[in-house]
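In UniProt numbering, the protein residues as written are 1 to 346. Virtual Cβ for every residue (Gly too), placed ideally from N, Cα, C. Computed from a prediction, not measured in an experiment: that's the story for all the values here. Working notes, structure below.
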C-alpha cells in the first residue's frame, strides 16, 4: 500500500475510533442513569417490604392465609420473549425453553409475552392464562403491569398459586443466566440489601464499575432517600386505631408488584446497554489493532524514505566532494603548467 493510501487509511481509522469513543460516552451516560434508577427503585422496594411485613404482623395475624406463599400451591410464570431477533436472542429462547421443559411442572399457570414464547409454550402441557404481545410490555408498561398485578391479586386471594415470577428470554451479563424477577412472595430486606450492594456503583469509560461520588448523587437517589425517610418515620406501634388495613395491604402489595415489573424493564435496558457497550469496546479494540498495523506500515515507509533521502544526500555529497577534488587537481595542473611556461619564457 502506498504512503498516501496508508495516510488516508490511518485518518479514517482515527475518525472511526473517535466516533466510537463519543458513542461509548453517550451509552455510559444512559447506563449510569438506568443504574441510578435501579438503585433508587430497589432502595424504595426494600423500605416498602419492611413496611408491608410490619403491617402484616401488627394487623393481619388473624388472616392465616393472607398473602402467604404456600409452597404446596402451583406456581405462576410470566414468560417474555427477547426484544431482539439476533443470535444472542436465539440463545435466550433456547435457555427459556430448557427452563420450561425441565423446571415448570404441568400444573403451573403461565402468561406468555410475544408470539415466539406463545408458540414455544404450546408444545408443553401447561395452563396458559393469557397471551400478550411484546408491545404490551415494552410500549405500555403501565397498562401491562396493571393487568398482571390484577391477575396476581386474584390468584393469591383465592389460593390459586403461591409463587409468581417473570422470566425473560434474555441473558443476564453478570450471572450469565436468564433475566428473572420474582413478584411474589415479597423478599426479605436482607436479600434486597445484598442485591443492591453491587448497584451502588457507576460505570466508567471502559465499562468498569467505580464508586459514585456522594456529592454527585443523582436526583433519583435523593428522591428515594426522601421517600425512605418518610416511610421509616411511620411508627405503627403508636397507632391504636384499626384502619381498613386489609384494603391498604392489598393496594400496597399490588403497587409493589407493579414496581417490580418496572424494575424488570430497567434491568432489561441495563443489559441491552451493557451489551451495546461491550460490542463497541470490541469494535474499538479491532480498530486499535488495525490502526497500530497501519501506523507501523506508515512509519516504515517514512523511515525508508528518510533512509533513501539520506543515501541520496550522501551520494550527492560524495559526488560534490569528488568533483571538488577533481577541480582542484585540474587547477593545480594548470597552475603548474602555467608556472612551467613562465620559467621557460625567462
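Exposure label - residue i; buried when at least 16 CB within 10 Å
i, result
"residue 125", "exposed"
"residue 354", "For the chain, the structure presents residues 1 to 346; residue 354 sits outside this window and is missing."
"residue 15", "exposed"
"residue 175", "exposed"
"residue 307", "exposed"
"residue 54", "exposed"
"residue 29", "exposed"
"residue 22", "exposed"
"residue 258", "buried"
"residue 210", "Residue confidence is low: residue 210 scores 46 on pLDDT, short of 50, so the model does not pin down where it sits. No coordinate-derived value is stated."
"residue 303", "exposed"
"residue 219", "exposed"
Assigned secondary structure, residue i (DSSP; H/G/I helix, E/B strand, else coil)
i, result
"residue 182", "strand"
"residue 303", "helix"
"residue 60", "coil"
"residue 196", "The pLDDT assigned to residue 196 is 48, lower than 50, so where the model puts this residue is not dependable, and the model offers no usable value."
"residue 175", "coil"
"residue 361", "An answer regarding residue 361 cannot be provided, because it is not within the stretch 1 to 346 covered by the chain."
"residue 110", "strand"
"residue 72", "coil"
"residue 161", "coil"
"residue 105", "coil"
"residue 78", "strand"
"residue 278", "helix"
"residue 260", "helix"
"residue 229", "helix"
"residue 234", "coil"
"residue 21", "helix"
"residue 97", "helix"
"residue 215", "Its pLDDT being 43, under 50, residue 215 is placed unreliably in this model, and the coordinates cannot settle the point."
"residue 133", "coil"
"residue 190", "Below a pLDDT of 50, predicted positions are generally treated as unreliable, and residue 190, at 45, falls in that range; the measurement from the model is reported next regardless. Helix."
Minimum C-alpha distance to residue i - residue among the options
i, options, result
"residue 50", "235, 151, 32, 301", "235"
"residue 108", "71, 58, 172", "71"
"residue 160", "54, 110, 90", "110"
"residue 158", "173, 224, 74", "74"
"residue 225", "123, 39, 33", "39"
"residue 82", "99, 115, 23", "115"
"residue 84", "282, 275, 78", "275"
"residue 231", "94, 284, 52", "52"
"residue 37", "142, 267, 21", "267"
"residue 25", "292, 286, 278, 301", "278"
"residue 177", "46, 164, 98, 113", "98"
"residue 101", "117, 285, 86", "117"
"residue 156", "134, 186, 281, 19", "186"
"residue 79", "289, 112, 151", "112"
"residue 27", "296, 280, 141, 58", "280"
"residue 45", "252, 289, 233, 132", "252"
"residue 60", "244, 320, 301", "244"
"residue 121", "94, 141, 143", "94"
"residue 356", "292, 296, 135, 300", "There is simply no residue 356 to check, as the chain begins at 1 and stops at 346 in what is shown."
Other residues of its chain near residue i: CB distance less than 8 Å, five sequence neighbours each side excluded
i, result
"residue 294", "6, 9, 10, 13"
"residue 43", "196, 221, 224, 225, 228"
"residue 298", "3, 6, 7, 10"
"residue 104", "75, 77, 110, 124, 126"
"residue 284", "17, 20, 21, 24"
"residue 287", "13, 16, 17, 20"
Neighbourhood of residue i by C-beta distance below 6 Å, restricted to the same chain and skipping five residues each side
i, result
"residue 48", "256"
"residue 41", "263"
"residue 172", "179"
Neighbourhood of residue i by C-beta, 7 Å cutoff - its chain only, sequence neighbours within 5 removed
i, result
"residue 260", "181, 183"
"residue 254", "149, 153"
"residue 106", "125, 126"
Chain B contact for residue i (CB, 8 Å cutoff)
i, result
"residue 168", "Protein chain content of the structure displayed is limited to a single chain, and chain B is not contained in it."
| field | Contact the segment 127-137 vs the segment 246-255: 3+ CB pairs below 8 Å | value | By the C-beta criterion, the segment 127-137 is judged not to be in contact with the segment 246-255, since fewer than 3 inter-stretch pairs fall below 8 Å.
| said: I want to know whether the segment 265-274 touches the segment 168-175 - three or more CB-CB distances under 8 Å. | reply: yes
| query | Is the number of C-beta pairs between the segment 271-290 and the segment 136-156 that are closer than 8 Å three or more? | reply | Contact between the segment 271-290 and the segment 136-156 is absent, because fewer than three Cβ pairs lie under 8 Å.
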